[in-house]
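> Heads up: the sequence shown runs through residues -25 to -1, 1 to 426, numbered per mature numbering (1 follows the signal peptide of the UniProt record, and there is no 0). Take a look at the following structure, please.
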Amino acid sequence: MKKVNKKRMNLTLTVLMAMSMLITACGGNNGNNVNSEANANAGNTGKTTAAEEKLKITMWSQFADPNSKDGGFVGFYKALEATKAKFPNVEIEHVGVGGESYKTKVKAASAANELPDIFYTWGGGFSEPFIAGNRILSIDDLAKDGTLDQIVPGTTDNFVFDSKLYGLPINIATAQMYVNKELFEQAGAKIPETWDELVAAIEALKAKGIQPIALGAKDRWPAMQWNAILAIRMAGVDAVNAALTKTGSFDTPEFTEAAAKYKQLIDADSFGKHFVGTSYDDATNMFLSGKAAMMFMGAWVNGQIEDDNSLVKGKVVPIKFPTIPGGKGNADEWFGGSGETFVLNADLKNKERIWEVYKFFIETMSKEVFLAGSGSSAWKVDVGDTSQMNPLALQIGELSSSATGFSYWWDQMLNGNDTESMFGSLMKFVAGKTTAEDYTKELQSKVNQGQ
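Structure (structure tokens):
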């Protein structure tokens, strides 16, 4: 199946408009636990026929912990409660499964044709097999009610396949470097803007017995994030996006140099000696407890960092990832974009009624996720009073307001088999089993060319 070409510049420009609007208004985990509000497995088959009758909707998500401080979780549960209040005759049975277990669950359910009415997914390659298998409903006809006029242009690109729309966007996510100012001051290190300054800061921090960077490579995707941002800095977002969509190559001098820079950090113990066996949760807790000076991560950690019980509250600032001399990318090219959504089961009967519930839920979640400090809203919504909003989210909005390009999460842009091939090659590389040159050649042969 051919995916629609990603309108990156269109998204960039419209993101800037959204950021500007939201910032102006401000003037005034994925653990592997399971949360189930009901035991629900199969989709809605049309048990109700009249709008005034009770309607049961089954929903699956990756938001397993109602008590999580993660902005995505906070936004999801607030939107869920608001939706239940808005539609009192609708019963929503939610099942939350965290981490990689969620992906396993939805893939198995798709194979058995037992997906729920509404389920969480990602755009790009992850959703492509579901669409090819006729498991997800195209919403083009339903969205003719004017819904798309309420959405920031360009944010639906990752949910379009063969010119058909399958999901509405939740937010615009970015990954950035988080810096513990207090630890930097203890080490006498400068907050880095360039690669050389980053290397110097790492050495200064190590000299004071401070772990420079928290990284939980055991879960694979955090290790991928570092490869991605280094590739963006060396090759530029256009080249990275081309490689991910198989219109370009991973086997280039720029991708190889990005991998070499990654190995330089690994060899310098920038991530500690045991980062390959460290989980995302453990690495995040290391940063939150003030035991690591930096972390490159998505904005979903903003809520945890600024939580009242956080040991690093008020001590952390987000920064653009440092530039690399000779690289084709620049500081205003970002790892991120809009790629998370909920979709509708292709076998729905009460499509029109469930559509009303669905779009209200997505729009509300977009607003609540923004207010919780996790990315920017992909909807043109009135977010209300933001004077007490997470300061990190506001700072990130200002930093990214000058963005010139975005490249989304690799594990979501690639399809299932290619994603696993990428992770396999990546983990061999970070474990020191392959060279930078062999790694990028393997990415090209196994991921891009499917050999």
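Glycine residues also receive a C-beta, built at the ideal position from the N, C-alpha and C atoms.
What does a CB cutoff of less than 7 Å around K238 pick up in its chain, not counting 5 residues either side in sequence?
Counting from 1 along the sequence shown, the entry for residue 238 is found at position 263. The residues are A411.
> On the CB-based measure, 16 or more other CB atoms within 10 Å of its CB, does T339 come out buried or exposed?
The residue you call residue 339 lines up with position 364 of the sequence shown. With 16 or more other Cβ atoms within 10 Å, it is buried.
> Considering only residues of the same chain and omitting the five flanking positions on each side of V212, which have a CB-CB separation below 7 Å?
Reading the sequence shown from its first residue, position 237 is the one you call residue 212. Counting only Cβ-Cβ distances below 7 Å, and skipping sequence neighbours, we find R(-18), G304, E308, G380, F381, S382.
> Roughly how many whole angstroms lie between the Cα atoms of K53 and T253?
In the sequence shown, the residue the question calls residue 53 occupies position 78. In the sequence shown, the residue the question calls residue 253 occupies position 278. C-alpha separation (whole angstroms): 31 Å.
> Are I126 and M34 touching if we call contact CB-CB under 8 Å?
Residue numbering aside, residue 126 sits at position 151 when the sequence shown is read from its first letter. Residue numbering aside, residue 34 sits at position 59 when the sequence shown is read from its first letter. In this structure, I126 sits away from M34, with a CB-CB distance that is not shorter than 8 Å.
> Quick one: residues in its chain with C-beta nearer than 8 Å to the C-beta of A258, no 5 flanking neighbours on either side, listed in chain order?
In the sequence shown, counting from the first residue as 1, residue 258 sits at position 283. Here the set comprises A189, L190, G191, P197, F250, A267, M270.
> Kindly list the residues whose CB is nearer than 6 Å to the CB of Q387, restricted to its own chain and excluding five residues on each side of it in sequence; keep chain order.
Residue 387 sits at position 412 when you count from the first residue of the sequence shown. Closer than 6 Å at the Cβ level, and outside the excluded window around Q387, lie W97, G99, F101, G314.
> Suppose you measure from the CA of F159 to the CA of K165; what does that come to, to the nearest Å?
Taking the first residue of the sequence shown as 1, we reach residue 159 at position 184. Taking the first residue of the sequence shown as 1, we reach residue 165 at position 190. Going by the C-alpha atoms only, they are around 7 Å apart.
> Closest to F335 by CA distance: which of E373, F317, S138, M397 is it?
Position 360 of the sequence shown holds residue 335. Nearest of E373, F317, S138, M397 to F335, Cα basis: F317.
> Within a Cβ cutoff of 7 Å, which residues of the same chain sit near K183, ignoring the five residues on either side of it in sequence?
The residue you call residue 183 lines up with position 208 of the sequence shown. Counting only Cβ-Cβ distances below 7 Å, and skipping sequence neighbours, we find Q161, A162.
> Measure from the alpha carbon of K248 to the alpha carbon of each residue in K61, E28, G407, then state which is nearest.
The residue labelled residue 248 in the question sits at position 273 within the sequence shown. Checking every option, the nearest Cα to that of K248 belongs to G407.
> Would T298 and T169 be called neighbours here (beta carbons separated by less than 8 Å)?
Mapped onto the sequence shown, residue 298 falls at position 323. Mapped onto the sequence shown, residue 169 falls at position 194. The answer is yes: Cβ separation under 8 Å.
> Mark S377 as exposed unless 16 or more other C-beta atoms lie within 10 angstroms of its C-beta, in which case mark it buried.
Residue 377 sits at position 402 when you count from the first residue of the sequence shown. Exposed, since its Cβ has fewer than 16 Cβ neighbours within 10 Å.
> Does DSSP put Q186 in a helix, in a strand, or in coil?
What you label residue 186 is simply residue 211 of the sequence shown in a count that begins at 1. Strand.
> Exposed or buried, which one is K61 when buried takes at least 16 other CB atoms within 10 Å?
Within the sequence shown, residue 61 is the residue found at index 86, counting from 1. Exposed is the call here.
> Kindly give me the distance between the Cβ atoms of I371 and Q37, rounded to whole angstroms, as I take these residues to be in contact under 8 Å.
Position 396 of the sequence shown, counting from 1, holds the residue named residue 371. Position 62 of the sequence shown, counting from 1, holds the residue named residue 37. In fact, because the Cβ distance is near 22 Å, the residues do not count as touching under 8 Å.
> So what's Y52 in DSSP terms, helix, strand or just coil?
In the sequence shown, residue 52 corresponds to position 77, counting from 1. Here Y52 sits in helix by DSSP.
> Let me check understanding here. Comparing Cα to Cα, which of K139, V215, K119, A243 lies closest to V174?
Taking the sequence shown and counting its residues from 1, the one referred to as residue 174 is at position 199. Measuring from the Cα of V174, the nearest candidate turns out to be A243.
> Given F262, which residues of its chain have a CB within under 6 Å of its CB, disregarding the five upstream and five downstream residues?
In the sequence shown, counting from the first residue as 1, residue 262 sits at position 287. Contacts found: A189, M270.
> Quick one, are the C-beta atoms of F404 and A234 less than 8 Å apart?
For this step, residue 404 is matched to residue 429 along the sequence shown. For this step, residue 234 is matched to residue 259 along the sequence shown. With respect to the 8 Å criterion, F404 and A234 are classified as neighbours on the basis of their beta carbons.
> Could you pull out every residue in the same chain whose Cβ sits closer than 7 Å to the Cβ of E229, ignoring the five residues on either side in sequence?
Along the sequence shown, read from residue 1 onward, the residue named residue 229 stands at position 254. Excluding positions up to five away in sequence, the list reads M209, A210, A214, K303.
> Does any residue of chain D have a CB that is nearer than 8 Å to the CB of A378?
Absence of chain D from the displayed structure is noted, only one protein chain being present.
> Under the DSSP definition of a beta bridge, which residues are partnered with M272?
For the purposes of this step, residue 272 is identified with residue 297 of the sequence shown, where counting begins at 1. The partner list for M272 (beta bridge, DSSP) reads Q151.
> Please name the residue in I67, S138, P144 whose C-alpha comes closest to that of T131.
As a working mapping, residue 131 is identified with position 156 in the sequence shown. When each option's Cα is compared against that of T131, the closest is P144.
> Does P300 pass the burial test, meaning 16 or more other C-beta atoms within 10 Å, or should it be called exposed?
Walking along the sequence shown from the start, residue 300 turns up at place 325. Exposed, by the Cβ-count rule.
> Kindly list the residues whose CB is nearer than 7 Å to the CB of K59, restricted to its own chain and excluding five residues on each side of it in sequence; keep chain order.
As a working mapping, residue 59 is identified with position 84 in the sequence shown. Here the set comprises I67.
> Assuming contact is defined by CB atoms lying nearer than 8 Å, are G46 and G278 in contact in what I supplied?
Counting from one through the sequence shown, the residue named residue 46 turns up at place 71. Counting from one through the sequence shown, the residue named residue 278 turns up at place 303. For G46 and G278, yes; Cβs fall inside 8 Å.
> Please confirm whether V72 and K80 have their CB atoms less than 8 Å apart.
Residue mapping note: residue 72 aligns to position 97 of the sequence shown, counting from 1. Residue mapping note: residue 80 aligns to position 105 of the sequence shown, counting from 1. A contact, by the Cβ cut-off of 8 Å.
> If the criterion is Cβ atoms closer than 8 Å, does the pair M272 and Y95 meet it?
As a position in the sequence shown, residue 272 is number 297, starting the count at 1. As a position in the sequence shown, residue 95 is number 120, starting the count at 1. Taking C-beta atoms as the reference points, M272 and Y95 fail to come closer than 8 Å.
> Alpha carbon to alpha carbon, how far is N284 from F136? Give it in angstroms, no decimals.
Position 161 of the sequence shown, counted from the first residue, corresponds to residue 136. Position 309 of the sequence shown, counted from the first residue, corresponds to residue 284. If you take the alpha carbons of F136 and N284, they lie about 44 Å apart.
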